[in-house]
Every structure is written in C-alpha cells, then in structure tokens.
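This report refers to the structure that appears directly beneath it.
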Amino acid sequence: MKISENFNKLLDNWPVKAVCLLIALFVYIFYNLSIQESRSFTVPLEVRSQNGISPASNHLKKVRITLKGKTEEIASVRENEVTAYLDLNHLAKDGTYKVPVSIDLPKSALMLDTLEVSVAPQNVSLKVEESISGWVKVNPLISGTPAHGYEIKSINVYPDEIEIYGPRSLVENCTRIQTQVVSVKNASTSLEKAVIPENLGAFLKHVSGEKLRVEVEIGPVISEKSFDNIPLIFVNPAQDFEVIPAISSVKITVSGNLLEMEKFTPEKDCAKIDCSSITEEGDFELPVKYSIPDSLSVIDGPATVKVMMKKSKPADLPEEVSPGKAEHQAGETGR
360 MKISENFNKL
370 LDNWPVKAVC
380 LLIALFVYIF
390 YNLSIQESRS
400 FTVPLEVRSQ
410 NGISPASNHL
420 KKVRITLKGK
430 TEEIASVREN
440 EVTAYLDLNH
450 LAKDGTYKVP
460 VSIDLPKSAL
470 MLDTLEVSVA
480 PQNVSLKVEE
490 SISGWVKVNP
500 LISGTPAHGY
510 EIKSINVYPD
520 EIEIYGPRSL
530 VENCTRIQTQ
540 VVSVKNASTS
550 LEKAVIPENL
560 GAFLKHVSGE
570 KLRVEVEIGP
580 VISEKSFDNI
590 PLIFVNPAQD
600 FEVIPAISSV
610 KITVSGNLLE
620 MEKFTPEKDC
630 AKIDCSSITE
640 EGDFELPVKY
650 SIPDSLSVID
660 GPATVKVMMK
670 KSKPADLPEE
680 VSPGKAEHQA
690 GETGR
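Quick note on numbering: the working numbering labels position 105 of the sequence shown as 464, and the sequence is numbered without any gaps.
Take a look at the structure:
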C-alpha cells in the first residue's frame with residue numbers, strides 16, 4: 360500500500376518533473392563542457408620492431424594527437440612526453456598491413472580519469488618485409504676541380520665495402536652506395552676526409568655506423584712541349600781543328616710540371632756538344648748535353664750527333680826570294 364502511494368506521488372505532475380529532469384541533465388552536461396577544453400599537436404610516428412620485420416615502403420611520418428579534458432589536466436601533459444608508434448612485433452611475414460597507431464602517455468596522464476586522447480589517423484597502411492644484412496661497394500663522391508696546374512691522381516675509400524641492414528628486397532637490390540661529397544675545389548695538395556654513407560634512405564642502416572675515410576691524391580699536371588730549331592753549340596774543340604756537324608740544329612720535346620712548362624723557354628745555348636776529347640781527324644758521334652731546369656726533362660731529342668773533325672788549313676806563307684833576285688829588286692827600287 361505504501362509502495363503504491365509513493366509510486367502515485369512519483370507520477371503526480373510527471374510532465375513537470377520530466378521537464379525539470381531534462382533541465383538538470385542539460386545543466387550538468389553544459390557545466391562539464393564548460394570546464395573542458397581540447398588541445399591538438401603533432402608528434403613523430405615511430406616504428407617498433409624486434410622480430411626481424413622492417414617497413415619496406417614509405418609511410419606517414421607524423422600523426423596528430425588531440426587531448427580533451429579539464430584545462431588543468433590538459434596543461435599537465437607535455438608534447439614531448441607523448442609518443443606515437445607502429446608496433447610490428449605481432450607481424451610474422453612479408454605483406455601489406457593496416458597497422459594501428461599506438462600511443463604512449465606519461466604516467467601522470469594515465470591517472471587522469473577525465474582525460475580523453477585520440478589520434479588521427481588511427482591506422483596506417485604499411486608494407487613490411489623480413490630484415491636481412493648484406494655487403495655493398497662504397498663509391499667515393501668527389502666534387503670540384505683542383506687548382507690550375509694540378510689534377511686528381513687517385514681516389515681511395517676505406518673500407519671500400521660496408522655491411523647494411525634492412526628489408527630483404529632493398530638489401531638485395533642495393534649494389535653500391537656513395538659517400539658524402541668530398542670537395543677538391545682549388546686543392547693543390549692531397550687530402551683526407553672522414554665521411555658517412557650518403558642516401559641510404561629511411562629503410563637501410565649502416566651496421567657498424569663507423570665513418571669512412573676518403574683519400575684523394577692530388578699532384579701536378581705533367582705537360583709536354585716541343586721546340587724546333589734549337590742550335591747546336593760545339594765547345595772546346597782542339598786547337599787547329601774544325602768541326603763539321605751532320606746537322607746544325609735539333610728538335611726536342613720537354614716534359615714537366617705544367618706550371619713550370621708555361622714559364623719555360625729554351626736558351627739559345629741549351630744544346631751543347633763537348634769536343635774536347637777529339638784530338639785527331641775523322642768522323643765521330645758525340646753526345647748532346649741539354650741544359651734545362653732540374654724540374655724538367657728532355658723526353659725526345661737526339662742523344663748524339665755525328666760530326667767530322669778536320670784540321671784547319673794553315674795561313675799562306677810569303678814566297679821565298681833568291682839573293683840575286685833580291686839585289687835586282689833593290690836596284691830597281693833605287694832608280
């Protein structure tokens with residue numbers, strides 16, 4: 360009986376009571392909304408894998424995190440404390456999957472009951488493959504031109520092979536990699552530089568991580584130049600001997616440092632033949648000595664020249680006169 364009376368009282372004027380209930384609910388919701396706010400920020404998207412599976416295609420690098428809750432609760436969460444990642448540890452074989460984006464929050468945020476966290480997008484399509492390692496050749500990358508008169512003699516990189524690690528298809532298709540650029544612009548001496556592998560991409564890794572050493576040997580440009588009609592100079596002939604050469608001039612080719620060659624002009628007496636050893640007439644083959652700077656060398660030109668050595672004719676003596684003829688000449692002069 361008492362229950363029936365209470366129920367009747369509850370139903371009494373029920374439209375008014377229903378309206379009041381709705382108003383109270385609305386006020387409650389409005390109040391909660393009024394004391395809440397949202398904040399969004401972007402964080403890097405990491406990939407976590409410890410089962411030998413690696414990403415084999417490009418994927419989203421950042422995701423958007425949205426926090427909803429009380430103002431003081433949202434303010435307590437710092438952006439650098441929130442981590443977004445793709446967990447590949449549950450994948451067992453190659454393929455393309457939709458991987459959910461997971462979020463790590465600081466412990467203080469996990470204790471906030473009213474804090475709501477959402478991420479966009481929620482899933483990322485990702486191609487994955489088994490991870491393997493392999494060895495590839497290293498090509499040193501050189502830029503620029505040495506100083507005038509100098510050139511690159513050799514280029515070496517140590518080690519010339521490195522071990523890389525990543526998705527099977529990428530490792531198997533990678534036949535060589537390049538180093539960071541080493542500039543030789545205006546260089547006039549050899550140089551050495553420590554560099555890292557360049558353009559490995561987002562999916563391949565250098566296993567050791569050690570720097571490579573590039574050595575560039577730079578030296579002078581060697582040039583050649585020919586000179587015609589260099590006169591032969593014959594020195595120290597024996598007294599009363601005449602030198603009759605088969606040729607009077609020679610053509611030579613000189614080699615040396617380009618910078619030296621640009622300044623070099625042969626002296627008129629740069630090709631000499633020493634005749635001091637000849638003491639009799641005859642035909643001889645004498646060596647030619649070239650006088651040029653020590654930094655240059657004659658790479659083409661006659662080493663010897665044939666000459667004829669001949670005694671010079673003595674000067675004509677006065678004609679001998681008989682005594683009788685001398686007296687007659689004197690008498691004629693007296694007259």
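Ideal Cβ placement from N, Cα and C applies to all residues, glycine included.
Is Ile637 closer than 8 angstroms to Ala597 when the C-beta atoms are compared? Closer than 8 angstroms, so yes.
Paired residues, beta bridge with Asp321 - DSSP: Here the chain comprises residues numbered 360 to 694, so residue 321 is not present and cannot be evaluated.
For my contact list, Gly525 and Thr473 are in at a C-beta cut-off of 8 angstroms; report their separation, rounded to the angstrom. 44 angstroms between Cβ atoms; not a contact.
CA-to-CA distance, Glu621 to Leu676, given in whole angstroms: The predicted position of Leu676 is uncertain, since its pLDDT is 45 and thus under 50; a value taken from the coordinates is nonetheless stated next. For Leu676 and Glu621, the distance between alpha carbons rounds to 56 angstroms.
What do you reckon, are the CB atoms on Ser414 and Val487 nearer than 8 angstroms? The displayed chain sequence assigns Pro, not Ser, to residue 414. Yes, Cβ-Cβ distance for Pro414 and Val487 is below 8 angstroms.
Assuming contact is defined by CB atoms lying nearer than 8 angstroms, are Thr538 and Val516 in contact in what I supplied? yes
Residues near Thr548 by beta carbon distance below 7 angstroms, same chain, minus five either side: Ile577
Applying the 10 Å Cβ sphere with the 16-neighbour rule, what's the burial state of Ala468? buried
Across which residues does DSSP place Met668 in a beta bridge pair? DSSP lists Val602 and Gly641 as the beta-bridge partner residues of Met668.
So the beta strand (DSSP E) Val613 belongs to, where does it begin and stop? Val613: member of the beta strand (DSSP E) spanning Ser608 to Asn616, first to last residue.
State the start and end residues of the unbroken alpha helix (DSSP H) segment that holds Ile632. Segment Ala630 to Asp633 is the beta strand (DSSP E) holding Ile632; no alpha helix (DSSP H) there.
Compare the C-beta of Asn410 with all C-beta atoms of chain C and state if any pair is closer than 8 angstroms. Included in the structure is just one protein chain, with no chain C present.
What are the start and end residues of the alpha helix (DSSP H) that includes Thr430? Thr430 to Ala434
Which whole runs of the beta strand (DSSP E) in the segment 468-492 are 3 residues long or more, in chain order? 475-479
Buried or exposed for Phe400, please, with buried defined as at least 16 other CB atoms from any protein chain shown within 10 angstroms of its CB. exposed
Could you tell me whether the Cβ atoms of Val594 and Asp642 are closer together than 8 angstroms? no
Where do the N-terminal and C-terminal ends of the beta strand (DSSP E) with Asn515 fall, by residue? Tyr509 to Tyr517
Can you find at least 3 beta carbon pairs, one from the segment 437-446 and one from the segment 552-567, that sit closer than 8 angstroms? no
Express the C-alpha separation of Phe562 and Ile412 in angstroms, rounding to a whole number. Cα atoms of Ile412 and Phe562: separation of roughly 11 angstroms, rounded to the nearest angstrom.
Could you tell me whether the segment 494-505 touches the segment 450-460, using the rule of 3 or more Cβ pairs below 8 angstroms? no
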